[in-house]
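Using our numbering, count along the sequence shown one by one with no gaps and you end on 1039. By construction, the Cβ of each residue, glycine as well, lies at the ideal position given by its N, Cα and C atoms. In what follows, a single structure is set out as structure tokens and then discussed.
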Amino acid sequence: MAELKLDKERFLKRLEVLTSTWKKSDLFGVDALAMAVGKDDNVVYSKSTALQTWLFGYELPDTLMVLTDHSAYFLASKKKIEFLQKVEGSQNGTTIHLMVRDKKDDDKTNFSKLIQAMKSSKSGSTIGEVSKDKFGGDFCEAWRKVVSSNPFTKKDISAGLAYVMAPKDESEVQIIKKACQATCDLYNKYLKIQIIDAIDSEKKIRHSKLSDGVEEAVQSKKYVSGVDISQLEMCYPAIIQSGGNYSLKFSVESDKNTLHFGVITCSLGARYKQYCTNIVRTVMVDPSQEQQDNYEFLLSVHEEILAKLKHGVKLKDVYNSVLQFVKSKRPELVDKITKNFGFAMGIEFRESAFLITGKTEAVARKGMLFNICVGFADLKNSSASDKVARTYALFIGDTALVKEDEPATILTLLKKRVKHVSVFLKDESDEEDESEKEEQSEQILGRGARNAVLEQRTRADTGNEEKRAQHQKELAQRINKEAKIRLQGKSLGIDDKKMRKSTVAYKNYGQLPKEPELKEMKIYVDRKYETVVLPVFGTPTPFHISTVKNISQSVEGDYTYLRINFFHPGSSLGAKESGQYQNPNATFLKEMSFRSSNSKEPGELSAPSSNLNTALRIIKEVQKKYKTREAEEKELEGLVKQDALQISNNRSNPKLKDLYIRPNIVSKRITGTLEAHSNGFRFTSVRGDKVDILYNNIKHAFYQPCDGEMIILLHFNLKHAIVFGKKKHSDVQFYTEVGEITTDLGKNNYMHDRDDMMAEQAEREMRQKLKSAFKGFCEKVDSLTKSAIEFDTPYRELGFNGVAFKSTVLLQPTSNALVNLTEWPVMVITLDEVELIHFERVQFHLRNFDTVFVFKDYNKKVAMINSIPMNSLDSIKDWINSCDIHYTEGIQSLNWVKIMKTIVDDPTGFFESGGWTFLEPESDAEQDDDDEDEDENFDPSDSGSGEESSGSEDEEESDWDEEDDDDSDEELDSEEESGKDWSDLEEEARKADAEDRYVDDEDDHRGKKRKHSSPSKSKSKKSKRR
């Protein structure tokens, strides 16, 4: 219990809602409330435990709660009371009393105090309890005996509690949305795929086995993403029905009958952090037109329910208006429709007080969560040839949230139109036609060639690829439209080019130094104003140090030369220098050279050249100082000022010790402590360095466990860079090592070495301990920030290898990004910012391919991952397709710098000319036309006459002999290109020259000279061949 933390603010807020509702309305009609919760593993849903979860966030077994008109009493064990300690005392007009159980006298003293408090509350005659909750155990039994021995009138308050807990606040809605997403993933990524695969392969599978598979899939990250699967469970076992046996209720179970390929109803719901959701879908195989019409009408009924379900509307009015809608449109279906249209949900799956029926007086309120489900049972399919398929049912349902002045909003966003839930199989006539074509192709191509293809491409693979291709077509059409809308009224031009600073050495003449060097026409360096004063035609002329490009010195004979080069247009090659000068057409000074004698005249303390030596040294010092300051200013340029960290002095703040930080604060890595405060994290090193990361500046937060890795880490990808170690950083990571990174190869290792076995066991224990500590930290931060910061964990099983920067790393998808967090520098690609993904060098004879990520911000440089193994291509495509991101592929590498520059320069013209379609392969229409032309030109029956095909074996053997001779000649003459001697080549060249109408007389003359000289050359060439 020590690891759990009570959200005090949420508890007090909800307790006030409960007490104020009880006092201000006659909903309860009691003088006191008493609820005892015991241990019962068979109880999944109960109103008492739901109230505990709603108040505390957890279930507290063997706990008694008593509410009176001015006080709240909690009787529990010592550890549970310590958990509730922070709320003890007077809070919002209610005094909270915490009482520790006394097992010595079986809590008789505590029970008597509570009975007395109940009797002194209002009239003290009626107490409210949840009649259905009869928990076992000595504690609950003892409490029931004490209550029965007193003259209290008992009243069931289940409906009142349901009314209080029904509207969901923002934190509850966020949890429910994640639960809805998990429900949709389970259906879309597992159950639907299993059903379609069974239909496609005509596999016999029982309803109960499909239901059991859903129970297993709920704990697999392969099918569920974006949630902590340890807190995810099923609301009820998934219900799959087919073959004429349908019961449109949630209390039935999947039977052991085999799945029938007709009409299949599927119901399932995921429960995340105790909050329930639900979805119902119907899959139709080869539906008749009548079935499709009935299903479309059922969809319209479902939409009518959502339209009527608003804040302030009685549930019976919703039911009656929808029933009237069915009577007016399809009166023959009134007897077939379900008896209710759904019910309210929350911590409990079914709130019986909020059924959508014709008798429910309860009113829908904003924030209430409903399972909207409606169906038609016992429908007849007259066109069915199968006796089992003649009776069918249609059933659909979604989780919806009640709004104020608009229809209820669906949270389970899965498509359910006819085309999305129907599976159409091919007719027998079509299969016969295809079989005839296959037989004909076997005669032409040979059976071996055909089988080689079919063995590699199964029906399931083809179906999956077709679905992926169809989805990508839809995305391709959408991508250009969205880009046009996004770019309307938005300039894509690159930011204005930064001009070189127009640095003024001295603002007025009075700032010019009065040093004797100026009068003596010497070079003088002013450190204060970072200026070099040079004598030009007898006048001291100042030049700011920023105008000096470089300086050099040389000694030639009796003289020392000092050469100063200045910045000017063209002084540096490349686009960086273009446009950096405010007035590039002005006259610029390129360089200046000064000469001074090395000879010392009589009476002089030093040679004149000493001035040049001193100037060289001081100029370089000032230049170095200036460049260092400019680099620091450039590093801090564009920095967004962060809010101040609000330090929380609470000792229970989430904290992790002995962590390293990346990038390092100093050159050497140092450990420190990471602590979560009110509005951000603070890392404090052992040296005292502090790094603050605010919650509102975190774009992504990742937790990567040490499974298969030598480090365990927390990584923060920031919206705006922060500064530490005199540099800007957008990615900050905290990690610790979980094992030895290096291994002593000189050590003699034995398989059963006791020391090694103990070291391995200690490492396993340390890994488990670190995982527990890091996970606990993440959960505490999630609770502290009220899910504002939620740590995402990479899916290692979906990872693939590639070169992100210089070395090969493991890139792992998360729910929102593609990351590599182990190697530094890290790569974090936010999927919401990606416009499209292009695969380069996709060819069968290559082992690797490259991937390019094009961002929606076209000014941003594309991200590339190179050398990805070819066997990862299909899995990557499936993942990208599931993320609704468009991808293309090609056999060549493209110049993306030029492509993006073209788009940025003229985005309107780019999209008018087709946009990203230039990355697509040839259109289907062109391919079909080409195929038709090839079919017209090639006729198997006319491919050769009977006489030609009926040649003798001798002729065939002679042909093969001739081919062998030709091959041997080609091998012999391979050193001489084509086997022709020099004279033959000269003759071909002469003929080519003669045919060229543009050959002039000189060329003809030169050709004759080559012709006369060729015999000797050919002769020598032939001699070499001999």
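- Annotation: the continuous beta strand (DSSP E) that includes phenylalanine 408 extends over 404 to 414.
- Taking the Cβ atoms as the reference, asparagine 861 lies roughly 6 Å from isoleucine 881, within the contact range of under 8 Å.
- In the DSSP assignment, histidine 557 falls within the beta strand (DSSP E) that extends over 552 to 557.
- One Cα belongs to serine 623, the other to lysine 740, and the distance between them is close to 40 Å.
- The beta carbon of lysine 732 lies closer than 6 Å to those of Asn710, Lys712 in the same chain, with the five residues before and after it left out.
- In its chain, beyond the 5 residues on either side, Tyr542, Thr544, Pro555, Phe556, His557 have a beta carbon closer than 7 Å to the beta carbon of alanine 518.
- Per DSSP, the unbroken beta strand (DSSP E) holding isoleucine 277 starts and ends at 276 to 281.
- Taking 8 Å as the upper bound for CB-CB distance, leucine 97 and phenylalanine 87 are in contact here, some 6 Å apart.
- Closest option to alanine 175, judged by alpha-carbon separation, among Tyr574, Trp35, Asp119, Gly282: Trp35.
- Measuring C-alpha to C-alpha distances from valine 339 to each of Glu316, Gly355, Ile242 identifies Glu316 as the nearest.
- Contact between threonine 66 and serine 84 is ruled out by a C-beta separation of about 22 Å, above the 8 Å threshold.
- In this structure, leucine 727 lies away from phenylalanine 696, with their beta-carbon atoms at least 8 Å apart.
- Membership of valine 160 in the alpha helix (DSSP H) is indicated by the continuous run 151 to 161.
- The criterion of a C-beta distance shorter than 8 Å is not satisfied by leucine 73 and isoleucine 94.
- Approximately 21 Å separates the beta-carbon atoms of asparagine 598 and asparagine 578; this is outside 8 Å, ruling out the contact.
- If the five residues before and after alanine 734 are omitted, its C-beta is found closer than 7 Å to the C-beta atoms of Leu652, Lys741, His742, Ser743, all from its own chain and listed in chain order.
- Taking C-beta atoms as the reference points, threonine 271 and lysine 323 fail to come closer than 8 Å.
- In the DSSP assignment, methionine 883 falls outside any beta strand (DSSP E), carrying neither H nor E.
- Look at valine 841 here: in three-state DSSP terms it is strand.
- With contact defined as three or more Cβ pairs closer than 8 Å, the segment 713 to 726 and the segment 683 to 693 are not in contact.
- Looking from the CA of methionine 840, the closest CA among Thr821, Ile631, Asn884 belongs to Thr821.
- The beta carbon of serine 888 sits closer than 8 Å to those of Leu811, Phe813, all from its chain and outside the five residues before and after it, given in chain order.
- The way I'd put it, the segment 651 to 669 does touch the segment 785 to 793; three or more beta-carbon pairs between them come closer than 8 Å.
- Separation of alanine 155 and serine 33 (C-alpha to C-alpha, rounded to the nearest whole angstrom) is 30 Å.
- The way I'd put it, the segment 401 to 413 doesn't touch the segment 367 to 380; fewer than three beta-carbon pairs between them come closer than 8 Å.
- Minimum Cα-Cα distance from alanine 195 among the listed residues Ile292, Lys873, Asp82, Gly551 corresponds to Ile292.
- According to the DSSP assignment, alanine 830 belongs to the beta strand (DSSP E) that extends over 830 to 833.
- The beta carbon of glutamine 566 is closer than 8 Å to those of Thr573, Tyr574, Leu575, Arg576, Leu625, Asn626, Leu629 in its chain, skipping five residues each way along the sequence.
- Excluding residues up to 5 positions away in sequence, Ser134, Lys135 lie with their Cβ nearer than 6 Å to the Cβ of aspartate 82 in the same chain.
- Counting other Cβ atoms within 10 Å of its Cβ, tyrosine 308 reaches 16 or more and is therefore classed as buried.
- According to the DSSP assignment, cysteine 896 belongs to no alpha helix (DSSP H), since it is labelled neither H nor E.
- Residue environment for histidine 899: buried (at least 16 other C-beta atoms within 10 angstroms of its C-beta).
- Distance from the CA atom of proline 180 to the CA atom of aspartate 20, rounded to whole angstroms, is 19 Å.
- The DSSP-derived three-state label of isoleucine 188 is helix.
- Between the segment 926 to 933 and the segment 483 to 502, the count of Cβ pairs shorter than 8 Å is three or higher; the stretches touch.
- Here DSSP, grouped into helix, strand and coil, assigns leucine 783 to helix.
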